[in-house]
Amino acid sequence: GHAETTVVVGYQQIVGPFIAAIADGRLDAAAKEAGYKIDWRQFSSGGDISTALASGNVPVGVIGSTGIAAAATRGVEFELFWILDNIGKSEALVARNGSGIEAPGDLTGKKVAVPFVSTAHFHLLVGMDQVWKIDPRGVNILNMKPPQILAAWQRGDIDAAYVWPPVLTELMKEGTVIADSEQIGAASVPTFDGLVADKKFAAENPEFMAAFTRALAGAYADYNADKAAWTEDSPQVAGIVKTIGGDAAGTIEALNMLSFPDAAEQASETWLTGGAVRALGESARFLLEQKQIDAALEDYAPFVNPSFAQAAAQ
Numbered sequence: 001g002h003a004e005t006t007v008v009v010g011y012q013q014i015v016g017p018f019i020a021a022i023a024d025g026r027l028d029a030a031a032k033e034a035g036y037k038i039d040w041r042q043f044s045s046g047g048d049i050s051t052a053l054a055s056g057n058v059p060v061g062v063i064g065s066t067g068i069a070a071a072a073t074r075g076v077e078f079e080l081f082w083i084l085d086n087i088g089k090s091e092a093l094v095a096r097n098g099s100g101i102e103a104p105g106d107l108t109g110k111k112v113a114v115p116f117v118s119t120a121h122f123h124l125l126v127g128m129d130q131v132w133k134i135d136p137r138g139v140n141i142l143n144m145k146p147p148q149i150l151a152a153w154q155r156g157d158i159d160a161a162y163v164w165p166p167v168l169t170e171l172m173k174e175g176t177v178i179a180d181s182e183q184i185g186a187a188s189v190p191t192f193d194g195l196v197a198d199k200k201f202a203a204e205n206p207e208f209m210a211a212f213t214r215a216l217a218g219a220y221a222d223y224n225a226d227k228a229a230w231t232e233d234s235p236q237v238a239g240i241v242k243t244i245g246g247d248a249a250g251t252i253e254a255l256n257m258l259s260f261p262d263a264a265e266q267a268s269e270t271w272l273t274g275g276a277v278r279a280l281g282e283s284a285r286f287l288l289e290q291k292q293i294d295a296a297l298e299d300y301a302p303f304v305n306p307s308f309a310q311a312a313a314q
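Numbered by the working numbering, the letters in the sequence shown go through residues 1 to 314 in order.
Next up, the structure:
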């Protein structure tokens, strides 16, 4: 056959069937069959992937819903084609033991770390604004990536943090969860992680997109059909640990905090044909209020493409 086309795919340290499918080779096999080779790149944040997408270096990558809204607003030409996960309990606000924080109302005057313009940042600010009615100007909110959060926590430099596993799992050992994204999402809009593709790349490489999404759909169906099989000594969990670090127990704990919509749900009004567009709009309005973007778009539908999930659901 002809020479394989290499596709760089950016992933983050977020547990799930996607990472298991990187580890077990099924995504590589699907790509190979379509005439492509995947060059897998791990990134420490969605912001880094957004930058790489904008530069044209990474045509496919994982970004959280807030980052998707921010990048779309700034004119990065991509489309959301798969919901990686519904974040739910896997992003949470943890107060360090001895910090004097027992409820969200105690945050005033405290140091709270969060990766800026992440889904965690969005829900922290939405929580303050819409749920707990706290003035964020009274809270010392610090911008840190997850590894920096862990180091600052261990030094005792911060009182609380809003973050995701594996760092969240570590913080929970010496802290208390005082709110999470399931609670805040139920009171506002949900947050999610998504796979996005450069629009030009997706249009020019439909065979890759179809094969990749079909393999993803298979991985999600397998997980949802038999979650009990993902035990500490299972190949799936071992594959996740090998790919993104952490340990088996923490991986299972993190898996249980997330939900992974199957292809039919992806293609439904809940997500790619409605709900995701609304969530991006809400995220953009919030980013505008936070002065992270200069203006919000009228409509985020052009940045969502349900067609690959719809085809995979057939």
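The beta-carbon is built from N, C-alpha and C at its ideal position, and this holds for glycine as well. The model shown is predicted, which means the values in this text are computed figures rather than measured ones.
Integer-rounded CB distance, given that residue j should sit under 8 Å from residue i
i: G194; j: I87; result: About 11 Å separates the two Cβ atoms, so there is no contact after all.
i: A248; j: P306; result: 35 Å between Cβ atoms; not a contact.
i: A152; j: A113; result: 6 Å
i: I101; j: A92; result: With a Cβ gap of about 13 Å, I101 and A92 do not count as contacting.
i: R278; j: V189; result: 7 Å
i: V139; j: I149; result: So it is not a contact: roughly 16 Å between Cβ atoms.
i: S65; j: T119; result: 6 Å
i: A326; j: R285; result: Coverage of the chain is limited to positions 1 through 314, which leaves residue 326 absent and any answer about it impossible.
Proximity winner among the options, relative to residue i (alpha-carbon distances)
i: N143; options: R137, G246 and A161; result: A161
i: F212; options: G175, K200 and V196; result: V196
i: V342; options: S118, V237 and S90; result: The structure shown does not extend to residue 342, since the chain is modelled only from 1 through 314, so no value can be given for it.
i: Q12; options: V62, P206, P190 and P235; result: V62
i: L258; options: A276, Q154, G239 and S181; result: S181
i: E298; options: Q290, L280 and E265; result: L280
i: V76; options: R26, Y300, A311 and T5; result: Y300
i: A54; options: E79, A254 and A221; result: E79
i: D159; options: Q236, A21, A215 and G109; result: G109
i: A229; options: M172, T5, G245 and A20; result: A20
i: G98; options: G46, L27, K111 and G175; result: G175
i: T231; options: A3, G56 and T251; result: T251
i: N256; options: A186, P165, P302 and R285; result: P165
i: L288; options: A70, A31, E33 and D222; result: A70
i: V304; options: A295, A276 and Q290; result: A276
i: K133; options: R155, D106 and F81; result: D106
i: Y223; options: D85, P146, P147 and Q154; result: D85
i: K200; options: G56, E33 and A52; result: G56
i: Q42; options: G25, I14 and D28; result: I14
i: E207; options: E33, A72, D198 and D28; result: E33
i: A72; options: E265, I240 and D198; result: D198
i: Q290; options: L27, R26, V241 and M128; result: M128
i: E265; options: D233, I240, V241 and A221; result: A221
heavy atom of the ligand ATP below 8 Å from residue i C-beta
i: S90; result: For the ligand ATP, the structure offers nothing, since it holds no ligand at all.
Bridge partners - residue i, DSSP secondary structure assignment
i: R41; result: G10
i: Y162; result: L93
i: V114; result: N143
i: Y36; result: T5
i: E289; result: Note: E289 sits in no beta bridge, so no partner.
i: D198; result: F78
i: S259; result: N86
i: I177; result: Before going on, a small fix: residue 177 reads as Val here, not Ile. DSSP output for V177 lists V94 as bridge partner(s).
i: A192; result: Contrary to the premise, residue 192 reads as Phe rather than Ala in this sequence. DSSP, once it has assigned bridges, lists N86 as partnering F192.
i: A61; result: Contrary to the premise, residue 61 reads as Gly rather than Ala in this sequence. According to DSSP, which records beta bridges pairwise, G61 is partnered with G10 and V196.
i: V304; result: L80
Residue i and residue j closer than 9 Å at C-beta
i: A225; j: A313; result: no
i: V60; j: G16; result: no
i: T191; j: S44; result: no
i: P261; j: T273; result: no
i: H121; j: I184; result: no
i: F308; j: M209; result: yes
i: P125; j: P115; result: The question names Pro, yet the displayed sequence has Leu at residue 125. Contact: no.
i: I178; j: P104; result: yes
i: T169; j: A23; result: no
i: G47; j: G67; result: yes
i: I38; j: V58; result: no
i: Q130; j: A187; result: yes
i: V18; j: A219; result: It is Phe, not Val, that sits at residue 18 in the sequence shown. Yes. Within cutoff.
i: G246; j: A238; result: no
i: A215; j: A30; result: yes
i: D157; j: K227; result: no
i: V117; j: Q310; result: no
i: N205; j: T6; result: no
Test: residue i CB closer than 9 Å to a CB of chain C
i: I22; result: This model lacks chain C altogether; it includes just one protein chain.
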